[in-house]
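Asks:
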Amino acid sequence: MTEQEPLLRDNLLYLGDNGRVFCGACAPESTRYTCIDRGGEEVVEIIPEEARHVEHEEGITTACEICGRKA
Ligand SMILES: [Zn+2]
């Protein structure tokens, strides 16, 4: 049996259940391997360029809620 690679990238941010934001490294183990968050919805990858655009335009910083990593 081969080791399965996580589907989420540690250095990218994802939008999960209830709009929470977390990076791949902080995502729950099951979410990392399935892309499905606790609510049963697929997590959405946050594009770093879009996050920076929002930060620039609206002053809202998109960052991991757990470790504070930015997009
Ligand atoms: Zn994190």
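Residues 303 to 373 in my numbering are what the sequence shown lists, from first letter to last. Ideal Cβ placement from N, Cα and C applies to all residues, glycine included.
#1: Give a yes or no on whether the C-beta atoms belonging to I348 and L310 are separated by under 9 Å.
#2: For E344, does the three-state DSSP call read helix, strand or coil?
#3: Could you check the C-alpha separation between T374 and N313 for me, to the nearest Å?
#4: Buried or exposed for P346, please, with buried defined as at least 16 other CB atoms from any protein chain shown within 10 angstroms of its CB.
#5: Check whether the Cβ atoms of A353 and A373 lie closer than 9 Å to each other.
Replies: Working from what's here:
#1: no
#2: strand
#3: In this structure the chain extends from 303 to 373, so residue 374 is not present and cannot be described.
#4: At residue 346 the sequence reads Val, which differs from the Pro that was named. Exposed, by the Cβ-count rule.
#5: yes
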